[in-house]
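First to last, the sequence lines map onto chains A and B. Each residue of the first sequence is one higher than the one before, counting from 1 in the working numbering. Each residue of the second sequence is one higher than the one before, counting from 1 in the working numbering. Quick notes on the structure that follows.
There are 2 protein chains.
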Amino acid sequence: MNSRMERKLRQDPEDIIGFLSEALPLSRCGRDETKVWFCFWSRAMHDSELGLMQRSMHCRWRGKVDRLLEGMVKRGEICVNCGAEDEAEALCALINGIGLRATLDPENWPAKRQVKTLEDHLAHLAPKASVH
Amino acid sequence: MNSRMERKLRQDPEDIIGFLSEALPLSRCGRDETKVWFCFWSRAMHDSELGLMQRSMHCRWRGKVDRLLEGMVKRGEICVNCGAEDEAEALCALINGIGLRATLDPENWPAKRQVKTLEDHLAHLAPKASVH
Chain A
1 MNSRMERKLR
11 QDPEDIIGFL
21 SEALPLSRCG
31 RDETKVWFCF
41 WSRAMHDSEL
51 GLMQRSMHCR
61 WRGKVDRLLE
71 GMVKRGEICV
81 NCGAEDEAEA
91 LCALINGIGL
101 RATLDPENWP
111 AKRQVKTLED
121 HLAHLAPKAS
131 VH
Chain B
1 MNSRMERKLR
11 QDPEDIIGFL
21 SEALPLSRCG
31 RDETKVWFCF
41 WSRAMHDSEL
51 GLMQRSMHCR
61 WRGKVDRLLE
71 GMVKRGEICV
81 NCGAEDEAEA
91 LCALINGIGL
101 RATLDPENWP
111 AKRQVKTLED
121 HLAHLAPKAS
131 VH
């Protein structure tokens, strides 16, 4: 998580889409950042020291996503039946996967589509209508 | 998509989890394959010819996932309110994201957890109970 994301969160602690979108390659600058992340991850897959560092960074990032999802649960915006940690991991995985596609195929993945994919994912977690 | 996946699909065309799981690093061999994919993607981000090839490969893979999801919709197993293509893309993105984590952190991502993350994702697409 970088200072831009911290700033976004301070501006509106409940704006999870705004916060998570900062991790997506929404612009050329974001795609350049994603390229660097992919280089880092590729290296970390073969280097135990980098691997350790990566897992520690991921742990902090996932913890932040955990807390944001917990906030959404408390506000009744989502349900996390399969566990908050697992939902946070799924969301982090989705973000990395979107980042991959949007960097490899930017013409087909404008910012709007990336953000919509995040929104759709969270919409699936919305509480289901109760049956009377 | 490789011959192992084709074989899996011929065995049971409705076993979407079994088919998609073949794209996950469920074992050491799978992690080695994922490492190669990450090298390829990193290169394709910087090489227009490889980028073109990657997009074409992805298109075929996504098309297959599309058709599997369409089958699930027809059987009433899922709803794809945001569009079948977008759901297929989200699923492909999730698979790549799980592959990243499971390769970087295999101890915390055994096969069972990877498959459960896929299952949970598809469970979120299950038709919502109708309100009477």
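The C-beta atom is built at its ideal place from N, Cα and C for all residues, glycine as well.
* **Reference Pro106/B, options Ala88/B, Cys29/B and Glu119/B, closest by Cα** => Taking the second sequence and counting its residues from 1, the one referred to as residue 106/B is at position 106. Comparing Cα positions, the closest option is Cys29/B.
* Segment contact, 8 Å Cβ cut-off, at least three pairs: the segment 63-81 of chain B with the segment 60-80 of chain A -> no
* Asked: Which residue spans inside the segment 40-79 of chain A form an unbroken alpha helix (DSSP H) run of at least 4?
  -> 48-74
* **Reference Asp86/B; option with closest CA among Asp120/B, Leu100/B, Leu125/B and Pro110/B** => Translated into positions along the second sequence, residue 86/B becomes position 86. Of Asp120/B, Leu100/B, Leu125/B and Pro110/B, the residue nearest in Cα terms is Leu125/B.
* Asked: Going by Cα to Cα distance, which pick from Lys128/A, Lys8/A, His46/A and Gly51/A is closest to Ala23/A?
  -> On the first sequence, position 23 is the one that residue 23/A refers to. Here the closest residue by C-alpha is Lys8/A.
* Closest by C-alpha distance to Lys35/B, when choosing among Lys112/A, Cys39/A and Met53/A -> Working through the second sequence from its first residue, we reach residue 35/B at position 35. For the residues Lys112/A, Cys39/A and Met53/A, the minimum Cα distance to Lys35/B belongs to Cys39/A.
* Listing by chain order, which chain B residues have their CB less than 8 Å from the CB of Phe38/A? -> Locating residue 38/A in the first sequence gives position 38, counting from the first residue. Those within 8 Å of Phe38/A in chain B are Phe38, Trp41, Ser42 and Met45.
* Where does Cys92/A fall in DSSP's three states? -> Position 92 of the first sequence, counted from the first residue, corresponds to residue 92/A. Correct three-state label for Cys92/A: helix.
* Coarse secondary structure for Leu122/A, derived from DSSP in three states -> Looking up residue 122/A in the first sequence gives position 122. Three-state result, Leu122/A: helix.
* **7 Å Cβ cutoff met for Leu94/A and Gly97/B** => To locate residue 94/A, count along the first sequence from 1; it is residue 94. To locate residue 97/B, count along the second sequence from 1; it is residue 97. Against a cut-off of 7 Å, the Cβ pair of Gly97/B and Leu94/A comes out as a contact.
* Anticipated Cβ contact below 8 Å, Gly76/B with Pro13/B, distance rounded -> The count along the second sequence starts at 1 and reaches residue 76/B at position 76. The count along the second sequence starts at 1 and reaches residue 13/B at position 13. About 16 Å separates the two Cβ atoms, so there is no contact after all.
* For Arg55/A, go through chain B and note every residue whose CB falls closer than 7 Å to its CB, in chain order. => Numbered from 1 along the first sequence, position 55 holds the residue referred to as residue 55/A. Under the 7 Å cutoff, chain B gives Leu104 and Asp105.
* Residue from Asn2/A, Arg31/A, Ala123/A and Arg60/A whose Cα sits closest to the Cα of Ala44/B -> Along the second sequence, read from residue 1 onward, the residue named residue 44/B stands at position 44. Selected option, being the one with the closest Cα: Arg31/A.
* Asked: When the Cα atoms are used, what is the spatial distance from Pro110/A to Ser21/A?
  -> Locating residue 110/A in the first sequence gives position 110, counting from the first residue. Locating residue 21/A in the first sequence gives position 21, counting from the first residue. So the two alpha carbons sit approximately 12 Å from each other.
* How would you label Ser48/B, buried or exposed, when you count the other beta carbons within 10 angstroms and need 16 or more for buried? -> Residue mapping note: residue 48/B aligns to position 48 of the second sequence, counting from 1. With fewer than 16 Cβ atoms within 10 Å of its Cβ, Ser48/B is classed as exposed.
* To do: Report all residues from its chain with a CB closer than 6 Å to the CB of Val115/A; omit the five preceding and five following residues, and keep chain order.
  => Numbered from 1 along the first sequence, position 115 holds the residue referred to as residue 115/A. Once the five neighbours on either side are set aside, the close Cβ partners of Val115/A are Ser21.
* Pick from Gly18/B, Asp15/B and Ala88/B: whose alpha carbon is nearest that of Lys64/B? -> The residue labelled residue 64/B in the question sits at position 64 within the second sequence. Answer by Cα proximity: Ala88/B.
* Rounded C-alpha distance that separates Thr117/B from Leu122/A -> Reading the second sequence from its first residue, position 117 is the one you call residue 117/B. Reading the first sequence from its first residue, position 122 is the one you call residue 122/A. When rounded, the distance between both Cα atoms is 15 Å.
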